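Have a look at the structure below, then the notes.
Numbering (the numbering used here), first residue to last: 1 to 260.
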């Protein structure tokens with residue numbers, strides 16, 4: 001779900017991400033990985049945006065990945081083969097705090113070839129710019145703070161000022177999911193309004209993923225795997241059972257087992 005959320009935000013608010021990472025709000029359009037493929041490419045977390053003269057490559061990571069350096073070089077070469085005239089900017093954005101040395105890696109060397117990219121650790125980033133741009137709001141709770149709950153309240157205040165209800169619902173749902181990296185669902189629910197989030201495309205995507213998991217893994221197992229995401233959106237046990245059309249006691253047992 002984090003991969004889908006990051007793609008949704010970067011594609012829906014590309015100018016916000018360009019302004020943050022490149023210093024100017026460039027109008028970008030989605031570049032499909034299929035345009036670069038000579039062989040299968042890992043596209044689940046790959047975000048490519050392009051303008052007339054540049055390509056912006058984003059990778060959002062919750063955990064360190066020892067293959068990241070090679071992947072960044074691989075994507076750079078693929079883009080060069082397809083668009084040799086375009087400048088390419090590559091960023092790996094780490095969402096979850098880690099002391100692993102891999103989150104500080106920003107280059108890859110093989111033989112005499114050295115490739116560099118940029119690594120951003122959200123927990124080291126000041127919050128101000130994230131609170132000023134709608135597309136960055138959901139990530140603000142993961143930025144530099146000693147009190148994530150207080151930061152989430154700041155985000156909620158800004159979200160309440162957004163007049164477009166569809167945009168507000170989507171950003172609030174995304175904020176809730178990212179907030180779940182640091183905060184318990186009960187705390188998130190006291191700050192964000194779950195009834196608004198249930199109107200969002202993000203919420204519907206979570207339900208759709210649950211249905212797909214059900215088809216792939218067996219209907220009940222797939223639905224159960226959706227419960228933690230719905231909890232992050234602040235739904236009660238009864239609301240989750242109703243949405244997934246399963247027994248309340250079954251949801252209770254699943255949540256209790258997750259907490260043990």
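A virtual CB, placed ideally from N, CA and C, is assigned to each residue, including glycine. Note that this is a predicted model, so its numbers are computed, not measured.
Excluding sequence positions up to five away, which residues of its chain have a Cβ less than 6 Å from the Cβ of residue 71?
The answer is none, since no qualifying residue turns up.
Classify residue 16: buried if its beta carbon has 16 or more other beta carbons within 10 angstroms, exposed otherwise.
Counting the other Cβ atoms within 10 Å of the Cβ of residue 16 gives 16 or more, which makes it buried.
Out of 37, 192, 83, 193, point me to the one whose CA is closest to residue 55's CA.
Closest option to residue 55, Cα to Cα, is 83.
Can you tell me where the beta strand (DSSP E) holding residue 54 begins and where it ends?
Per DSSP, residue 54 belongs to the beta strand (DSSP E) from 54-61.
Residue 245 versus residue 226: straight-line alpha-carbon distance, rounded:
C-alpha separation (whole angstroms): 12 Å.
Less than 8 Å between the C-beta atoms of residue 102 and residue 64, yes or no?
Contact flag set, yes.
Which of helix, strand or coil does DSSP assign to residue 112?
In the structure shown, residue 112 sits in coil (DSSP, three-state: anything other than H, G, I, E or B).
Three-state secondary structure (DSSP) of residue 274:
This structure does not reach residue 274, given that the chain is present from 1 up to 260, and the question cannot be answered.
In angstroms with no decimal places, state the Cα-to-Cα distance between residue 117 and residue 91.
Separation of residue 117 and residue 91 (C-alpha to C-alpha, rounded to the nearest whole angstrom) is 6 Å.
Identify which residue in 240, 178, 223 has its Cα closest to the Cα of residue 195.
Comparing Cα-Cα distances from residue 195 to each of 240, 178, 223, the minimum goes to 240.
Every unbroken beta strand (DSSP E) within the stretch 83-132, with a cutoff of 3 residues, ordered by chain:
Counting whole runs of 3 or more residues, the stretch 83-132 contains the beta strand (DSSP E) stretches 87-94, 107-110, 113-116, 118-121.
Check whether the Cβ atoms of residue 238 and residue 248 lie closer than 8 Å to each other.
Taking C-beta atoms as the reference points, residue 238 and residue 248 count as a pair closer than 8 Å.
Between 180, 220, 235, which lies nearest to residue 291 when the distance is taken from Cα to Cα?
Residue numbering for the chain in the displayed model covers 1 to 260; residue 291 lies beyond these limits and cannot be assessed.
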